[in-house]
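**Q** This structure is in structure tokens; I'll ask about it shortly.
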Amino acid sequence: MRASASLARQVTRFAAVGAAAEKPQLVSNGLRVRVGLHAGVAEGDVERNATSGRLAFVRRPMDIAKAVGDVAAGGMVLMTRACVEQLEPAKALKDVSMLCLGCYQLEGASDDQPQMLYLAISRQLIPRLAVFEPLRRLTPVQVPLLQAPIGHATLVSISVVGMALLKEWDEAKAAVAMQTVADVAQRMLFRSWGYLVEVSGAGLCVAAFDDTLRAVAFSLCLIEELKAADWDEELLDHEVCEVVRVAPQVYPSKAPHASGGSGSTALEPKAPARLPNRTKEQDGGAESGGGGARLLRAPSMQVYRRVSCVQESLDISSSGISGQNVLLRGPRLKVGISSGQVATDVSPLTGRMVYTGKAAGLAPLIMSKAQSGTVWCCKATWQAAQPDGAAAVPELAAVSQGMFGFKGFKENVELMQCQLRRQDPPQATPARLLPQHTVALQQR
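With this note's numbering, you'll find the sequence shown wraps up at 578, consecutive numbering, no jumps.
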């Protein structure tokens with residue numbers, strides 16, 4: 135199996151030729167047949183029909199295959215990931231492209247497990263992508279390939295720090311931790327309408343956005359949300375996952391002194407930013423100091439604080455687990471963000487969109503410079519996230535980290551550390567930080 139050369143260019147060229155040509159371009163002729171495929175039949179899924187005496191496929195495999203066929207449009211051949219895994223070793227379909235359309239919850243399937251759907255299409259029929267009807271009778275749980283950003287995009291490169299050390303310590307616990315990171319990231323990506331490019335067990339994740347501001351907000355909130363995840367207590371004892379807290383800051387106030395003196399200055403703790411969590415039990419002992427928690431008395435650090443606008447946008451809870459600010463908890467992430475013009479194509483291995491170009495290459499380089507638990511971007515990306523100036527989105531801030539040189543880039547690049555800061559009193563939620571996309575395309 136291999137992808138078509140520059141899928142986007144072929145579709146665009148077809149649309150341009152069709153608009154300029156005197157005669158319409160032929161893409162379909164005759165009956166529109168839709169096909170749904172699924173692989174994996176157990177012994178209990180085959181029964182003999184009492185009336186005809188013939189063997190029949192029943193239960194889960196048949197339900198999934200029928201549900202996949204029902205969501206397809208006329209002229210489509212759709213299949214599940216189980217089929218693709220059967221075809222990959224054989225390499226029998228070398229002239230057919232496998233496009234990963236995304237992960238969906240199918241109506242009519244016998245279980246609630248989402249299915250990854252792939253579209254099989256030959257190179258000669260790729261122009262059909264411009265006229266295919268949308269999928270139907272399903273609920274997406276990922277942004278589909280045909281909705282992925284093209285032309286101009288913001289790339290987010292994420293790395294789990296110390297994954298190799300975790301695997302060496304306990305490979306099973308490391309795998310569970312990485313799966314938790316992947317699950318949370320994919321859930322928040324869909325809410326932010328970000329396209330998942332790649333996720334690997336080695337601790338790497340790449341996503342693409344068509345809106346720079348939402349890419350920055352997603353990255354910052356992902357770090358915050360993972361602090362509240364249900365981590366294994368033994369995992370929190372490891373040096374790369376231990377809990378680190380910052381003591382509440384103390385500010386002078388005009389409150390009367392205990393002795394009754396008027397006008398004296400007393401010290402009062404400022405209300406801490408609360409870490410989202412569900413219950414004390416899920417904290418893995420952080421309340422009582424379990425999990426190897428360390429207490430640091432550090433200066434003001436706004437980067438890890440929640441803001442109300444992103445909290446509402448991504449549906450993050452606001453209950454706290456402690457009277458202290460939790461700086462780090464669980465696996466550490468470092469994130470690099472870059473935006474600009476990109477070239478796109480479909481990977482022959484994953485069926486997903488892949489991005490190349492200066493912006494796509496800069497994001498992992500920025501990530502390599504970022505410190506553990508932080509989100510970095512280049513200055514141009516930060517300016518793109520603040521098109522109307524810093525006052526437009528006061529919940530976000532950035533601090534310059536200096537100029538850096540990268541191989542392949544003639545000029546040095548100024549890098550910024552992105553931060554979330556709390557507003558007192560909380561401001562109204564900026565419209566650009568709220569979800570702007572409805573997924574009606576797949577629900578016809």
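Quick reminder that beta carbons are idealized off the backbone N, C-alpha and C, glycines included.
(1) Does the separation of the CB atoms of L467 and V374 fall below 8 Å?
(2) Going by DSSP, what residue range makes up the beta strand (DSSP E) through S472?
(3) Near G539, which residues of its chain fall below 8 Å by C-beta distance, leaving aside the five closest residues on each side in sequence?
(4) My assumption, with CB atoms under 8 Å, is that V295 sits in contact with V315. Please give the rounded CB distance.
(5) Measuring CB atoms only, is the segment 482-500 touching the segment 357-374, in the sense that at least three cross pairs come out at less than 8 Å?
(6) Could you compute how far the alpha carbon of S473 sits from the alpha carbon of T346?
(7) Measuring only the C-alpha atoms, how far is L165 from P268?
(8) Kindly list the residues whose CB is nearer than 7 Å to the CB of P248, restricted to its own chain and excluding five residues on each side of it in sequence; keep chain order.
(9) Give me, in chain order, the residues of the same chain whose beta-carbon lies closer than 6 Å to that of A199; leave out the 5 immediate sequence neighbours on both sides.
(10) Alpha carbon to alpha carbon, what distance is there between M487 and Q281?
(11) Counting only runs that start and end within the segment 197-279, where is the alpha helix (DSSP H) found for 4 or more residues in a row?
(12) Give the straight-line distance between the Cα atoms of V476 and I284, rounded to the nearest whole angstrom.
(13) Tell me where the alpha helix (DSSP H) around A298 begins and ends.
(14) Runs of 3 residues minimum, wholly inside the segment 488-543: which ones carry the beta strand (DSSP E) assignment?
(15) Once the 5 residues before and after L235 are set aside, which same chain residues still bring their CB inside 8 Å of it?
(16) Determine, using beta-carbon pairs with one atom in the segment 503-519 and one in the segment 255-262, whether at least three such pairs fall under 8 Å.
(17) Name the residue from V310, G242, R463 whose alpha carbon lies nearest to the alpha carbon of V202.
(18) Select from P521, V469, L549 the residue whose C-alpha is nearest the C-alpha of C339.
(19) Which of the three DSSP states, helix, strand or coil, is assigned to C375?
(20) Whole angstroms are fine: how far does the CA of R379 sit from the CA of A309?
(21) Rounded to whole angstroms, how far is the Cβ of A342 from the Cβ of L289, which I believe are closer than 8 Å?
(22) By Cβ distance, which residues of its chain are closer than 7 Å to A532, with the 5 residues on each side in sequence left out?
(23) With C-beta atoms as the reference, is V192 less than 8 Å away from E181?
**A** This is what the structure holds:
(1) The residue you call residue 467 lines up with position 333 of the sequence shown. The residue you call residue 374 lines up with position 240 of the sequence shown. No, the Cβ-Cβ distance between L467 and V374 is not below 8 Å.
(2) Here residue 472 is taken as the residue at index 338 of the sequence shown, counted from 1. 467-475 is the span of the beta strand (DSSP E), which, as asked, contains S472.
(3) What you label residue 539 is simply residue 405 of the sequence shown in a count that begins at 1. Result list for G539: N546, V547, in chain order.
(4) In the sequence shown, the residue the question calls residue 295 occupies position 161. In the sequence shown, the residue the question calls residue 315 occupies position 181. 11 Å between Cβ atoms; not a contact.
(5) no
(6) Here residue 473 refers to the residue found at position 339 of the sequence shown. Here residue 346 refers to the residue found at position 212 of the sequence shown. Computed Cα separation, rounded: 7 Å.
(7) Reading the sequence shown from its first residue, position 31 is the one you call residue 165. Reading the sequence shown from its first residue, position 134 is the one you call residue 268. Near 18 Å, if we compare the C-alpha coordinates of P268 and L165.
(8) The count along the sequence shown starts at 1 and reaches residue 248 at position 114. Correct list, in chain order: C237, Y238, Q239, V275.
(9) As a working mapping, residue 199 is identified with position 65 in the sequence shown. Excluding sequence neighbours, A199 sits near G170, H172.
(10) Locating residue 281 in the sequence shown gives position 147, counting from the first residue. Locating residue 487 in the sequence shown gives position 353, counting from the first residue. Approximately 10 Å between the Cα atoms of the pair.
(11) 215-221
(12) For the purposes of this step, residue 476 is taken as the residue at position 342 of the sequence shown. For the purposes of this step, residue 284 is taken as the residue at position 150 of the sequence shown. Near 7 Å, if we compare the C-alpha coordinates of I284 and V476.
(13) The count along the sequence shown starts at 1 and reaches residue 298 at position 164. A298 -> alpha helix (DSSP H) spans 297-303.
(14) 509-512, 530-538
(15) To locate residue 235, count along the sequence shown from 1; it is residue 101. If we look at L235 and ignore the five residues flanking it on each side, its Cβ neighbours are L212, L251, Y252, L253, L269, P278, L279, L280.
(16) no
(17) As a working mapping, residue 202 is identified with position 68 in the sequence shown. It is G242.
(18) The sequence position of residue 339 within the sequence shown is 205, counting from 1. It is V469 whose Cα lies nearest to the Cα of C339.
(19) For the purposes of this step, residue 375 is taken as residue 241 along the sequence shown, with counting starting at 1. Coil at C375, not helix or strand.
(20) Here the question's residue 309 lines up with position 175 in the sequence shown. Here the question's residue 379 lines up with position 245 in the sequence shown. Roughly 26 Å separates the two Cα atoms.
(21) Walking along the sequence shown from the start, residue 342 turns up at place 208. Walking along the sequence shown from the start, residue 289 turns up at place 155. Indeed, because the Cβ distance is near 6 Å, the residues count as touching under 8 Å.
(22) On the sequence shown, residue 532 is found 398 positions in, with the first residue counted as 1. Closer than 7 Å at Cβ, skipping near neighbours: W516, M550, Q551, C552, Q553.
(23) One-based indexing of the sequence shown puts residue 192 at position 58. One-based indexing of the sequence shown puts residue 181 at position 47. For V192 and E181, yes; Cβs fall inside 8 Å.
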